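Student: Below you will find the structure I want to go over with you.
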Amino acid sequence: MPQKVTGVIARAKGAPVEVTTIVVPDPGPGEAVVAIQACGVCHTDLHYREGGINDEFPFLLGHEAAGLVEAVGEGVTNVAPGDYVVLNWRAVCGECRACKKGKPWYCFATHNAKQKMTLEDGTELSPALGIGAFAQKTLVASGQCTKVDPAAPPQVAGLLGCGVMAGLGAAINTGGVTRGDSVAVIGCGGVGNAAVAGAVLAGATKVIAVDVDDRKLKWAKDFGATDLVNSKEVDAVQRIRELTGGFGADVVIDAVGRPETYEQAFFARDLAGTVVLVGVPTPDLKAPELPLIEFFGRGGALKSSWYGDCLPERDFPAYTDLYLQGRLPLDKFVSETIKLGDVEEAFHKMERGEVLRSVVVL
38 MPQKVTGVIA RAKGAPVEVT TIVVPDPGPG EAVVAIQACG VCHTDLHYRE
88 GGINDEFPFL LGHEAAGLVE AVGEGVTNVA PGDYVVLNWR AVCGECRACK
138 KGKPWYCFAT HNAKQKMTLE DGTELSPALG IGAFAQKTLV ASGQCTKVDP
188 AAPPQVAGLL GCGVMAGLGA AINTGGVTRG DSVAVIGCGG VGNAAVAGAV
238 LAGATKVIAV DVDDRKLKWA KDFGATDLVN SKEVDAVQRI RELTGGFGAD
288 VVIDAVGRPE TYEQAFFARD LAGTVVLVGV PTPDLKAPEL PLIEFFGRGG
338 ALKSSWYGDC LPERDFPAYT DLYLQGRLPL DKFVSETIKL GDVEEAFHKM
388 ERGEVLRSVV VL
């Protein structure tokens, strides 16, 4: 029968979040109920609260999570009660043109649970990214559950569910960083520093971190950046070129998503280099005006990275194993662990740039 649990909702645009009771239905066909153990506070959750995604309030926030499968619905075979899983927001369909081309990470028909979680009065909730994990339990499509090694603590493993995977994937999957490459990362928050870590993991020999905040640059150094550039103090493009023999970086990752940072990325890459946009622009922003001859003359590739072009069933277990081997410092992303009632303050800390990740532990 349906369960009543505690969760965090955004009831209206810009209003402080609320801790309240939500109703989680029994899983239907293809669905699973997951008992959440930990969930990271991601900037996307703040976007939901501020109405930057859509206006389908109230939202059940939280999506960067790990936990235990409690129950599954009819026809579910990929997970079973008791499995330790990381949640993802792109359950692939296996049937669309991308999946049938053997590129399921581009799936054009990803899906979530069909049933809705509700407030006690029956008001339907919109779960953030189809997950809604700032809650003791949540309902998802079974394909949103990816089994990983339970030796990885949930406050660490759950981060693979969104921001960290986006950054790792931007470097490794989208950017194709490989041994000996030079890489510049513009914007060193959670996603940007994950891109730094991904570039180091892939074997880049020069990893240049760019930001306007020295605190974030120090974090980037902790993740393996070889060079730090404060773009408030120097011309970032010029400095990246100086650090790469005058040529520019092989791969430049824009983890901010603004016209000015994209223009920096465009001109800071080497000839035939790659630009990767992983920072999410707001709908009002426009691409910078650049001479068309520069697109032609520089060659290379301009790419967007959505969720790090990841395939959860492939990537989550692999990166969990690398963490357990001591090769991927996921624990460095955890700035603090908090309770459900601390989410609003965690948003303020995020806005002030004080944390890489606050993680709710249940």
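Counting in my numbering, the sequence shown runs from 38 upward without gaps.
Glycine included, every Cβ here is placed at the ideal spot set by N, Cα and C.
None of the values given here were measured: they were computed from a predicted structure.
By the 10 Å Cβ neighbour count, where 16 or more other Cβ atoms means buried, how is Q74 classified, buried or exposed?
Tutor: With 16 or more other Cβ atoms within 10 Å, it is buried.
Student: Start and end of the alpha helix (DSSP H) containing K137?
Tutor: Per DSSP, K137 belongs to the alpha helix (DSSP H) from 134-137.
Student: Rounding to the nearest angstrom, what Cα-Cα distance links G363 and L314 in this structure?
Tutor: C-alpha separation (whole angstroms): 28 angstroms.
Student: Are the CB atoms of G224 and T311 within a distance shorter than 8 angstroms?
Tutor: No, they are not a contact pair.
Student: DSSP three-state label for D158, please.
Tutor: The answer is coil: DSSP assigns D158 none of H, G, I, E or B.
Student: So what does DSSP say about Q301, is it helix, strand or coil?
Tutor: The answer is helix: DSSP assigns Q301 an H, G or I state.
Student: State whether the stretch 106-117 contacts the stretch 155-172, with contact taken as three or more CB pairs (one from each stretch) at a distance under 8 angstroms.
Tutor: Short answer: they don't touch.
Student: As a quick exercise: from A257, D92, K243, A236, pick the residue whose alpha carbon is nearest that of G227.
Tutor: The candidate whose alpha carbon is nearest that of G227 is A257.
Student: Please state whether DSSP places A236 in a helix, a strand or coil.
Tutor: A236 falls in the helix class under three-state DSSP.
Student: Return the CA-CA distance between M387 and R394, expressed in angstroms with no decimal places.
Tutor: Going from the Cα of M387 to the Cα of R394 covers about 8 angstroms.
Student: Pick from C144, A236, E87, E157: whose alpha carbon is nearest that of T58?
Tutor: Comparing Cα positions, the closest option is E157.
Student: Let me know if F174 comes out buried or exposed under the rule of 16 or more other beta-carbons within 10 Å of its beta-carbon.
Tutor: A small fix is needed here, since residue 174 is Lys in this sequence, not Phe. K174 comes out buried.
Student: With L254 as the anchor, note down where its alpha helix (DSSP H) starts and where it stops.
Tutor: Residues 251-259.
Student: Could you pull out every residue in the same chain whose Cβ sits closer than 6 angstroms to the Cβ of P320, ignoring the five residues on either side in sequence?
Tutor: Cβ within range, chain order: n/a, list empty.
Student: Taking the Cβ atom as the reference point for each residue, do G195 and G282 lie within a distance shorter than 8 angstroms?
Tutor: The answer is no: Cβ separation not under 8 angstroms.
Student: According to DSSP, is L329 part of a helix, a strand, or is it coil?
Tutor: Of the three classes helix, strand and coil, the one that applies to L329 here is helix, per DSSP.
Student: Can you tell me the Cα-Cα spacing of V233 and G345, whole angstroms?
Tutor: Taking the straight line from one Cα to the other gives about 13 angstroms.
Student: For N267, write down the residues that DSSP places opposite it in a beta bridge.
Tutor: Answer by DSSP bridge pairing, in chain order: D248.
Student: With distances taken from CA atoms, which of S219, L359, V380 is nearest V309?
Tutor: What sits at residue 309 in the sequence shown is Ala, not Val. The shortest C-alpha separation from A309 is found at S219.
Student: Around the Cβ of D287, are there at least 16 other Cβ atoms within 10 angstroms (buried) or fewer (exposed)?
Tutor: Under this definition D287 is a buried residue.
Student: Going residue by residue through the stretch 178-242, where are the continuous beta strand (DSSP E) segments of at least 3 residues, counting only ones entirely within it?
Tutor: Those beta strand (DSSP E) runs which fall completely within the stretch 178-242 and span 3+ residues are 182-184, 219-223.
Student: Is D251 closer than 8 angstroms to N267 when the C-beta atoms are compared?
Tutor: Result yes, Cβ atoms of N267 and D251 sit closer than 8 angstroms.
Student: Provide the residue span of the beta strand (DSSP E) that contains T114, from first to last.
Tutor: No beta strand (DSSP E) holds T114; DSSP gives it neither H nor E.
Student: Write down the C-beta distance between V177 and E68 rounded to the nearest angstrom, noting that I regard them as a contact closer than 8 angstroms.
Tutor: Confirmed, Cβ separation roughly 7 angstroms.
Student: Does the separation of the CB atoms of V106 and G119 fall below 8 angstroms?
Tutor: Against a cut-off of 8 angstroms, the Cβ pair of G119 and V106 comes out as a contact.
Student: Could you check whether A239 and A262 sit closer than 8 angstroms to each other, using their CB atoms as the reference points?
Tutor: No; because the gap between Cβ atoms is not below 8 angstroms, this pair is not in contact.
Student: Classify P349 as buried or exposed, calling it buried when 16 or more other Cβ atoms lie within 10 Å of its own Cβ.
Tutor: Per the 10 Å Cβ criterion, buried.
Student: The alpha helix (DSSP H) with T357 in it runs from where to where?
Tutor: Looking at the DSSP string, the run of the alpha helix (DSSP H) that includes T357 is 349-361.
Student: For A305, tell me which candidate among R278, A324, L322 has the shortest Cα-Cα distance.
Tutor: The candidate whose alpha carbon is nearest that of A305 is R278.
Student: Under a three-way DSSP split, which group does K369 fall into?
Tutor: Here K369 sits in helix by DSSP.
Student: Which residue wins for smallest C-alpha separation from R276, given the options P39, V244, G336, S342?
Tutor: Among P39, V244, G336, S342, the Cα nearest to that of R276 is on V244.
Student: Compute the distance between the beta-carbons of A47 and V54, then report whether it is under 8 angstroms.
Tutor: Contact: yes.
Student: Based on the DSSP output, what are the partners of T175 in its beta bridges?
Tutor: Answer is V71, bridged to T175.
Student: Quick check on K253: buried or exposed, where buried means 16 or more other Cβ atoms within 10 Å of its Cβ?
Tutor: K253 is buried by the Cβ-count criterion.
Student: Could you please give the first and the last residue of the uninterrupted beta strand (DSSP E) stretch that includes I59?
Tutor: Unbroken beta strand (DSSP E) run through I59: 55-61.
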